[in-house]
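Worksheet for the structure shown next.
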């Protein structure tokens, strides 16, 4: 089975500005390099990885692209593009067009004080450019409430492939009413066939990130499988944030346990096939990753 980690980060504060990093982020408030996580990926049986932006600047994208060029295991890069400046976005997309690693775009919309930013007309024009370039858009939230925008985005941009990062941050460890509220929002998003989701970053919604249990995340994974189906779900390890939540191996083992009841074909979809199809990962890059993994 080709296992693709569809949500992995690298960063280096000496190379780019990461405004959200600070002492509260210790021990990941430092350079987190692909060489740091590679042994963990191999130990977990992960064949390939997609790097996802961690800062709204070109320097972060440049750092990810350099890593992708240096490491065959990296088969995709979700870059940053200034979506709220369509002219600049068009120029930037033209610059990125020749890089087969660039498969999508993300912006840290969950850190934006304007909670309606993603619905602005200038941003809409930027999202239309992504659709024209056949690039995907990663939709990141800090709480389930932001999921309310996803159906509207899907209707406004029917040609844009959308993926909801971390299942929209469900209320892991919360009560049944919290789960019901999240399920209603994610179900509305899932009704749109171009909307996918990542089984990733499912940490405790209150208290220390590492306080989650497999039992607590099980109902959210089961809901996601019911609503999206394996063909629209993809696994992500969320390293190095996962360091704060018990480590990479802990999350990987939990997801393996939760996916175990699926058929071999459905497990293969969530663990790699969906990501390869959704991000339209270059076949030659996947072959190189497999060769490196041995």
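Residue numbers (the working numbering): 379 to 672.
Each residue gets a CB set at the ideal place from its N, CA and C atoms; glycine is no exception.
Query raised in the report: Could you give the distance in angstroms between the alpha-carbon of residue 729 and the alpha-carbon of residue 556?
Result: Because the chain spans 379 through 672 in this model, residue 729 falls outside it and cannot be assessed.
Query - CB-CB length for residue 430 against residue 453, believed under 8 Å - result: By 1-based counting over the chain shown, the position of residue 430 is 52. By 1-based counting over the chain shown, the position of residue 453 is 75. That belief does not hold up - the Cβ atoms of residue 430 and residue 453 are roughly 13 Å apart, past 8 Å.
Query - C-beta atoms of residue 501 and residue 441 nearer than 9 Å - result: Here the question's residue 501 lines up with position 123 in the chain shown. Here the question's residue 441 lines up with position 63 in the chain shown. Against a cut-off of 9 Å, the Cβ pair of residue 441 and residue 501 comes out as no contact.
Report task. Indicate the three-state DSSP secondary structure (helix, strand or coil) for residue 540 in the structure shown. Result -> Here the question's residue 540 lines up with position 162 in the chain shown. In this structure, residue 540 counts as strand in the three-state DSSP scheme.
Query - Host alpha helix (DSSP H) of residue 442 (start-end) - result: Looking up residue 442 in the chain shown gives position 64. Its alpha helix (DSSP H) spans residues 436 to 448.
Query raised in the report: On the three-pair Cβ rule with 8 Å, is the segment 505 to 514 touching the segment 417 to 432?
Result: no
**Report entry** Of the listed residues 617, 539, 645, 450, nearest to residue 415 (C-alpha basis)
**Finding:** Here the question's residue 415 lines up with position 37 in the chain shown. The residue with the shortest Cα to Cα distance from residue 415 is 617.
Query - Counted within 10 angstroms of its Cβ, other Cβ atoms place residue 534 as buried (16 or more) or exposed - result: For the purposes of this step, residue 534 is taken as the residue at position 156 of the chain shown. The residue in question, residue 534, is exposed, as its Cβ has fewer than 16 Cβ neighbours within 10 Å.
Query - Buried versus exposed, by CB contacts within 10 Å (16 or more), residue 439 - result: What you label residue 439 is simply residue 61 of the chain shown in a count that begins at 1. Result: buried.
Requested in this report: Starting from residue 454, follow the beta strand (DSSP E) in both directions and report where the run begins and ends.
Outcome: The residue you call residue 454 lines up with position 76 of the chain shown. 452 to 457 is the span of the beta strand (DSSP E), which, as asked, contains residue 454.
Report task. Would you mind reading off the limits of the beta strand (DSSP E) that contains residue 659? Result -> As a first step, residue 659 is located in the chain shown; it is residue number 281 there, counting from the start. Unbroken run through residue 659: none, as it is neither H nor E.
Report task. Under the assumption that residue 620 contacts residue 629 (Cβ atoms under 8 Å), give the Cβ distance between them as a whole number of angstroms. Result -> Sequence index remark: in the chain shown, residue 620 carries index 242 (1-based). Sequence index remark: in the chain shown, residue 629 carries index 251 (1-based). About 5 Å; that satisfies the 8 Å criterion.
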